[in-house]
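Student:
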Amino acid sequence: GAVDIERPLHADHEDRGNRILPFAGKAYLASEDIKDGISRLMDAVNVDIDGDKITYNSTSFEQARDLKAKIIQWVPVEDNVNVSIVMDDASTKTGLGEGALKDLKVGDVVQFERVGFARLDEIKDNELVFYYAHK
Numbered sequence: 044g045a046v047d048i049e050r051p052l053h054a055d056h057e058d059r060g061n062r063i064l065p066f067a068g069k070a071y072l073a074s075e076d077i078k079d080g081i082s083r084l085m086d087a088v089n090v091d092i093d094g095d096k097i098t099y100n101s102t103s104f105e106q107a108r109d110l111k112a113k114i115i116q117w118v119p120v121e122d123n124v125n126v127s128i129v130m131d132d133a134s135t136k137t138g139l140g141e142g143a144l145k146d147l148k149v150g151d152v153v154q155f156e157r158v159g160f161a162r163l164d165e166i167k168d169n170e171l172v173f174y175y176a177h178k
């Protein structure tokens with residue numbers, strides 16, 4: 044069954060509270076993160092990766108740390124949204140974001156794990172368009 048994963052709104056400022064991320068056991072991962080061995084899905088579970096097969100290992104963060112597991116970003120298959128970020132060099136990065144992004148309003152600023160801060164500029168039918176602000 045599904046579980047709720049509690050994640051901090053800001054990794055460096057726990058006082059800002061948490062967000063809830065529903066997780067039913069299926070996640071999208073960036074292809075560059077899929078390396079054989081044990082990895083930790085950020086704030087969730089430890090998994091064993093063997094080629095294109097990924098299986099549950101454990102839940103303990105301490106075990107992941109002891110095994111020097113790589114911590115990787117993930118997005119739940121069941122709850123996500125298409126995201127485009129227009130960068131400061133006018134290039135565009137695209138990907139998937141957590142479904143909670145759908146609750147944002149134009150002008151809101153969020154922090155993306157691998158990019159930095161970006162401002163929501165446009166809400167389309169199946170895509171949110173952001174403009175990069177800073178690291």
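Under our numbering, residues 44 to 178 are what the sequence shown spells out, in order. We treat Cβ as the ideally placed atom computed from N, Cα and C, and that holds for glycine.
Over what stretch of residues does the alpha helix (DSSP H) that includes residue 109 continue unbroken?
Tutor: Along the sequence shown, read from residue 1 onward, the residue named residue 109 stands at position 66. Per DSSP, residue 109 belongs to the alpha helix (DSSP H) from 104-109.
Student: Considering only the alpha carbon of each residue, which of 49, 76, 87 lies closest to residue 61?
Tutor: Residue numbering aside, residue 61 sits at position 18 when the sequence shown is read from its first letter. That would be 49, whose Cα lies nearest to the Cα of residue 61.
Student: Please classify residue 82: is it buried, with 16 or more other beta-carbons within 10 angstroms of its beta-carbon, or exposed?
Tutor: Here residue 82 is taken as the residue at index 39 of the sequence shown, counted from 1. Burial call: buried.
Student: By DSSP, does residue 94 sit in helix, in strand, or in coil?
Tutor: Within the sequence shown, residue 94 is the residue found at index 51, counting from 1. Coil.
Student: Who pairs with residue 74 in a beta bridge, going by DSSP?
Tutor: As a first step, residue 74 is located in the sequence shown; it is residue number 31 there, counting from the start. None; residue 74 has no bridge partner.
Student: In the DSSP output, what is residue 113 paired with across the bridge?
Tutor: Translated into the one-based positions of the sequence shown, residue 113 becomes position 70. Paired residue(s): 82.
Student: Using C-beta distances below 7 Å, list every residue in its chain close to residue 92, excluding the 5 sequence neighbours before and after it, in chain order.
Tutor: As a position in the sequence shown, residue 92 is number 49, starting the count at 1. So the list reads 77, 78, 79, 80, 82, once near-sequence residues are dropped.
Student: Residue 89: buried (16+ other C-beta within 10 angstroms of its C-beta) or exposed?
Tutor: The residue given as residue 89 occupies position 46 in the sequence shown. So residue 89 ends up on the buried side.
Student: On the premise that residue 149 lies in contact with residue 165, defined as a C-beta separation below 8 Å, what is that separation, rounded to the nearest angstrom?
Tutor: Here residue 165 corresponds to residue number 122 of the sequence shown, with the count starting at 1. Here residue 149 corresponds to residue number 106 of the sequence shown, with the count starting at 1. At roughly 7 Å, the Cβ-Cβ gap stays under 8 Å, so residue 165 and residue 149 are in contact.
Student: Within a Cβ cutoff of 7 Å, which residues of the same chain sit near residue 130, ignoring the five residues on either side of it in sequence?
Tutor: Looking up residue 130 in the sequence shown gives position 87. Same-chain partners within the cutoff: 136, 175.
Student: Specify, as a first and last residue, the run of the beta strand (DSSP E) that residue 61 falls within.
Tutor: Within the sequence shown, the letter at position 18 stands for residue 61. Where residue 61 is concerned, the enclosing beta strand (DSSP E) stretches over 61-66.
Student: Quick check on residue 150: does DSSP put it in helix, strand or coil?
Tutor: Your numbering for residue 150 matches position 107 in the sequence shown. Residue 150: coil per DSSP, three-state reduction.
Student: So, at 6 Å on beta carbons, what are the nonlocal neighbours of residue 172 in its own chain, with the 5 sequence-adjacent residues on each side left out?
Tutor: Sequence index remark: in the sequence shown, residue 172 carries index 129 (1-based). The residues are 127, 164, 165.
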